[in-house]
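Protein chains: 2
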Amino acid sequence: MKQYLKADPWSIIEEGFHRAYNENSESIFSIGNGRMGQRANFEEKFTGKTLQGSYVAGVYYPDKTRVGWWKNGYPEYFAKVLNAPNWIGIDITINGKALDLNQCEVEDFRRELNMKEGYLERSFIAKMKNGVKVKVNSKRFCSIVEDEVGAIRYSITPLNYSGVIDITPYIDADIVNKDSNYDEKFWNEIDREVRRRQGYIVAETKKTAFQVATGMKFSITVEEEDIDFDSKKINKEKYVGNKVSIGVSEGSELVVYKYAAYLSSENHSKKELLGNCKSVVKNAFKKGFNTLLSEHKNAWAAKWEESDIIIEGDVSAQQGIRFNIFHLNQTYTGEDERLNIGPKGFTGEKYGGSTYWDTEAYCLPFYLSTADQRVARNLLVYRHRHLEKAIENAGKLGFVKGAALYPMVTMNGEECHNEWEITFEEIHRNGAIAYAIYDYINYTGDVNYLAEYGLEVLIGIARFWKQRVHMSAAKGKYVMLGVTGPNEYENNVNNNWYTNYIATWCMKYTLESIAHVKQTSPQRYAEICSKINFIEIRESDDWKEIIDNMYYPEDKEKGIFLQQDNFLDKEIIKVKDLDPTHLPLNQKWSWDRILRSCFIKQADVLQGLYFFEDQFDVDTIRRNFEFYEPITVHESSLSPCVHSIQAALLGMEEKAYEMYLRTARLDLDDYNNDTEDGLHITSMAGTWMAIVKGFGGMRVKDDKLHLNPFIPKKWKGFAFKIRFRGALLQIKVGQEKTEILNLSDTPVSIILNGKDYALNAVENLVL
Amino acid sequence: MKQYLKADPWSIIEEGFHRAYNENSESIFSIGNGRMGQRANFEEKFTGKTLQGSYVAGVYYPDKTRVGWWKNGYPEYFAKVLNAPNWIGIDITINGKALDLNQCEVEDFRRELNMKEGYLERSFIAKMKNGVKVKVNSKRFCSIVEDEVGAIRYSITPLNYSGVIDITPYIDADIVNKDSNYDEKFWNEIDREVRRRQGYIVAETKKTAFQVATGMKFSITVEEEDIDFDSKKINKEKYVGNKVSIGVSEGSELVVYKYAAYLSSENHSKKELLGNCKSVVKNAFKKGFNTLLSEHKNAWAAKWEESDIIIEGDVSAQQGIRFNIFHLNQTYTGEDERLNIGPKGFTGEKYGGSTYWDTEAYCLPFYLSTADQRVARNLLVYRHRHLEKAIENAGKLGFVKGAALYPMVTMNGEECHNEWEITFEEIHRNGAIAYAIYDYINYTGDVNYLAEYGLEVLIGIARFWKQRVHMSAAKGKYVMLGVTGPNEYENNVNNNWYTNYIATWCMKYTLESIAHVKQTSPQRYAEICSKINFIEIRESDDWKEIIDNMYYPEDKEKGIFLQQDNFLDKEIIKVKDLDPTHLPLNQKWSWDRILRSCFIKQADVLQGLYFFEDQFDVDTIRRNFEFYEPITVHESSLSPCVHSIQAALLGMEEKAYEMYLRTARLDLDDYNNDTEDGLHITSMAGTWMAIVKGFGGMRVKDDKLHLNPFIPKKWKGFAFKIRFRGALLQIKVGQEKTEILNLSDTPVSIILNGKDYALNAVENLVL
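As you go down the protein sequences, you meet chains A and B in turn.
Under our numbering, read the first sequence as residues 545 to 1311, first letter to last.
Under our numbering, read the second sequence as residues 545 to 1311, first letter to last.
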């Protein structure tokens, strides 16, 4: 736990320079726009603790797998999010001495992530070793309007000095990934150009041959007046810069405006990359910092208008939820169906690959409710684009006839993690990918998605499950052996309830979807059947046979489902009865001890009951919750949100609030002592769910929106907005009353606390 | 399968140069003496396919663990057998051209590993690119009499050339391990000296600071006459050599005699290392090649006298068993209780660490029967020396109060492998280490070993098992969760029958051993109790409770023990019904598919029934054999021997012979396509067991030797010798009769085919 940041409803604020926590702050104060992003590194030189990081969406490196002992079937590489050329750099030298906060006395240091307007600002007074005292203020953002553009306003005022200040804005493409498996550099230089007050580098990734052009152009003002100046070009391998020497008088403010752009060969032809980069930089320069920033603020205002959650009476909770929403919006905009949501977004390198099941299981609901329908749809289409690769992946593992196994971790559809427990056994991800199709259609009503994309994916997945189970002679039921469920504190277990359940659910849903498409789009159905060689009668009978005869481990006496076969052979101890010095288990216990213990990283039976809540009565959910919750250690960032939602459903207010707190400020307070590696982006969507589905009790059933709000005692009120079937609703929950505002001109009917209401356009409902 | 070697009862012979198989040959023709050893690399330069390897016993490097994803509790390093300075090098240059078989036309190439006399010989005629034709014969050995000494006779005869030949005998200490995790060199140079016709290097291993002095001295003869010659000293980093230029006439034989020594700081003080090395080299030089070789041959003759197995009527089988016995004797002599038997001996780097459970489970019986009792005893004492480390190791994994978990792989008692399935879960090794104590005492009658060393180890092990099991509320029995049995094609299973069984057996045997020591050495017993804080009444009651209430998975209907809980949920398919292109599974199937399949790498239920044969009736053994054998793929080199022994017991002649063949020529015929990495040394002892315990039916029960010989139809006869309680017996089994010769002057009583016989000194028994 670290608690050095100020509570504020709209900003994250660090006052005073916390050197030791700098890497932690670099993660927290990260900025991005869905296309690019970066850690809150300093513009000027810094020799202290830092993890330099700047990232371009969709650009990765297939780093050769590193394992202790090779296992047949391992993926060849572990894809790495690439640390890209640094465009923020502005070196400052005064009297021959570089400005470097690690070498200065620092006063009045303040860093602010202004979430409302989407910029990072930093100011300080530094006393350099040569006695020079300067005041600095820097402000920068990655524009969400011009999403290839970033801009910096870097102001420096000498407080006790008149004379020359050397300023070197630069681009550095000599970048390493800290998590490189073999200490290799991932970039080659392709082209480089330095011009007056400008510089450009085109770099190409090894193996994948992505090209990224990074460009910059700058101007300088003194006392708010544009000045003319000469600059010395610096042009060396993987580096371009312009050194400018400017005389200033004590107390005069000198400001560097630096405009930069990242253009990727994913969006431009390689031939035109450099030329286009120059145009983008030129246009940004022409618009100027203030215009760019003001467009950017307005765009953020619009985003907040849609996705903000207000919590009254609890600044810390307010700040937490906004921090989560802000970073989600910085990471993924849904505008590019080739992109997805990496667990660390643009805030760090860890977890390499971009896409996990987190997207479908945790992030989708956030985008469904807070963004245009197209955004969530693009997340689904992303998987459809990878269907061929998923079939190849299943083929590598011995599956045949179009069975699809989506990878656990991927950049381009190929599996790219290197732990067998995850790669080979966490096949439940296939279920979440099917579930997301259901979830999307259930929420949006866009049932045409099935014919267009969904059905092919579902059939591939159903085919996989069919081959992955077999009839146990001992049980006379279909079983599924050797899996790892969402609870990664078990490995290679038999009949994981969650996986068995979602597997048959997938088959059922596929059968329903087939029926639907066959009826509504018979021609498209015929086309699909022919394309994927699907003979319904043959395959669907197999699925029905499995659906009817699947084995689900349970304990009838306790009335609970068993996480896996023989779970009750474990010694059942509650987390509260553990010696607290043993926590977190993943840092204190050896792996084998964790594996054989009853303790759960995230409770997958509860995950299943959350997904399929309607298929169980509340008592069943309660019995399982009461059994599994006390033995869950929540050492996955994805865990507490589901518990919060379920506790809310079961009316366990304190537990719901406890679990909410655990997820909302995970990174801000550095609960798990790992924020310095980057933020837990995907679990941030879980925090949003804890409020909307948990405290708000939002569900969609049979095309109707249900709400069952409940408010924690400590709050005065909370409010969130959701989109639903063309309507935009605001739900305000207070201690006394609940208010629902239809902000759109689309009428909508809702079920509030079990009662039907019709809301006309722009109508309020107060209860 | 590779079948390019000639069948011969006493030698391994390669005729014609098989370039593509050179690394394979380098493994097979390896020589060693228990203290040092080396692959059959060439003395002269060779630019073709080669894996250079020379090794000194007990000298290792703790290479930082390399894993895909760190798991808490992992060992810090993976110990590597160290590739040591090369002492065999003799560069030959004629007319400015280096002799290099990769650059020559090669005729009459012949390589022989003479197992009877223990040397490696190689001869060839090479036509160099400059037209010079030379005949070469080299012969070398690592003396088993002077075990720090190696010697080479390198003869070269120009066939169409008269003139100068440049000869450079050298030592090269600039050595890399091919399996280095981080491409690091493991040796630093400490000292170096070049003298007339001599050279010395002292090198030190990084981190472990072992020092090894390597020395050499040489002489040259022409036409068998010693000649005087000048030499040019070559003295550079990590390299010492002497270049000699000698004029020879066509047809004259020039011979270099090179004497070398390895001295390790494990056996000499570092101060004296160089001085002692010079003395050892000097003495070897003085003795001369022929004397050294003749001593060496005599020592080998004595070894064969004890350990030879004769098979008549099957040269291929004869060659196979001698090859196994030869390499076992080259790897471990039992003279140094600090040493043990690495899976690849001195023939390759793979599997890093030196000691696995292989030693106790497979190698011990060989040394018990064929060497002085002290040899087997030293293998046990080795583990006693590591008891403190085993307690520390258990402590790292959360065990307390003197519980000992021996490492799965070790050099110095610390765990040093980096796969969790092996490191954390293959705890069955603890059982084999206890079993070896029983096995040793059962065979030798040296029950005093318990008081001296054994009991402390047994109590440590029993304490471990006690903490590793717990009472299952569901079963009302003690269970053991999350283990990997000897069958490594399963991971993280519950209630592995073998492990559960050997765990309770350990506790029982510990209780018996306590009773024995208490009665026979009460003072020593009190001493042990006080040393290890053992309060009998408290701990032994716990053990008894577990012994009485342990859970063993079984299927009563089938009458078999279950490898683990729910084994019968698997789809049971026989290996013979598998598509043969799917074999070997470990190269054709992905790891998850292997894990969930029924296929067994080595059958651990059968391993248990082999260890504890007396505790089960033959029908039980048969039922289990008939169930498990058909689903076993024998992809562990340790597997077929147990099946061979058990098939022999059950009278399944064909199966016993098939399994024997599978183990006996594993490396010679390169069954698993991996001999180039080194030989499977520890499984070679299994081959010996297949004959002695399988075909010979040898057992020791109640201090008596039992024999139940049976002979495969294809053989005329076979004969082996065993030591037993001071007697030396030869057992000759023919198709018609069995003959037992007591070659010693110790009378012995034996039970042959169930009938008692007393053999007086030097008496024969013919049946």
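C-beta atoms are modelled at their ideal positions from N, C-alpha and C, and glycine is treated no differently.
All of these numbers come straight from a predicted model, not from anything done at the bench.
Determine which residues share a DSSP beta bridge with residue i and list them.
{"i": "ARG655(B)", "result": "GLU558(B), ARG666(B)"}
{"i": "TYR806(B)", "result": "THR758(B)"}
{"i": "ASP770(B)", "result": "THR765(B)"}
{"i": "ASN1312(B)", "result": "Residue 1312(B) is absent from the model: chain B starts at 545 and stops at 1311."}
{"i": "GLU737(B)", "result": "TYR744(B)"}
{"i": "GLN582(A)", "result": "ILE575(A), SER598(A)"}
{"i": "THR712(A)", "result": "ASP635(A)"}
{"i": "LYS683(A)", "result": "GLU665(A), ARG697(A)"}
{"i": "ALA1271(B)", "result": "PHE1268(B)"}
Within the 8 Å Cβ cut-off, does residue i reach chain A?
{"i": "HIS1014(B)", "result": "yes"}
{"i": "VAL625(B)", "result": "no"}
{"i": "ASN1216(B)", "result": "no"}
{"i": "GLU893(B)", "result": "no"}
{"i": "GLY939(B)", "result": "no"}
{"i": "LEU1112(B)", "result": "yes"}
{"i": "TRP1041(B)", "result": "no"}
{"i": "TRP613(B)", "result": "yes"}
Along the alpha helix (DSSP H) that carries residue i, what are the first and last residues, could you check?
{"i": "ILE869(B)", "result": "859-875"}
{"i": "LYS826(A)", "result": "817-831"}
{"i": "VAL1061(B)", "result": "1041-1064"}
{"i": "PRO1184(B)", "result": "1183-1193"}
{"i": "ARG1137(B)", "result": "1135-1140"}
{"i": "GLY1004(B)", "result": "999-1012"}
{"i": "PHE1268(B)", "result": "From DSSP, PHE1268(B) is part of no alpha helix (DSSP H) but of the beta strand (DSSP E) over 1261-1268."}
{"i": "ASN1110(A)", "result": "Counting along the chain, ASN1110(A) falls outside any alpha helix (DSSP H), and DSSP gives it neither H nor E."}
At least one CB of chain B closer than 8 Å to the CB of residue i: is that the case?
{"i": "ARG583(A)", "result": "no"}
{"i": "ARG610(A)", "result": "yes"}
{"i": "GLY1222(A)", "result": "no"}
{"i": "ARG1137(A)", "result": "yes"}
{"i": "GLU1115(A)", "result": "yes"}
{"i": "SER1134(A)", "result": "yes"}
{"i": "GLN1011(A)", "result": "no"}
{"i": "LYS888(A)", "result": "no"}
{"i": "ALA1229(A)", "result": "no"}
{"i": "ASP1123(A)", "result": "no"}
{"i": "ASP607(A)", "result": "no"}
Taking residue i as part of the beta strand (DSSP E), name the residues at either end of that continuous run.
{"i": "LEU1251(A)", "result": "1248-1251"}
{"i": "PHE622(A)", "result": "621-627"}
{"i": "TYR1022(B)", "result": "1021-1023"}
On the three-pair Cβ rule with 8 Å, is the region 632-643 of chain B touching the region 624-633 of chain A?
no
Between the region 598-614 of chain A and the region 956-967 of chain B, do at least 3 Cβ pairs fall closer than 8 Å?
yes
For the region 1079-1100 of chain B, which residues have a CB atom closer than 7 Å to at least one CB atom of chain A, in sequence order?
none
Of the residues that make up the region 945-970 of chain A, which ones have a beta carbon closer than 7 Å to any beta carbon in chain B?
ASN962, GLU963, TRP964, PHE968, GLU969
Counting only Cβ-Cβ distances shorter than 7 Å, please list the residues of the region 1013-1035 of chain B near chain A, keeping chain order.
HIS1014, SER1016, ALA1017, ALA1018, LYS1019, VAL1023, LEU1025, GLY1026, ASN1035
Near-chain B residues of the region 1135-1163 of chain A (beta-carbon distance less than 7 Å), N- to C-terminal order
TRP1135, ASP1136, ARG1137, LEU1139, ARG1140
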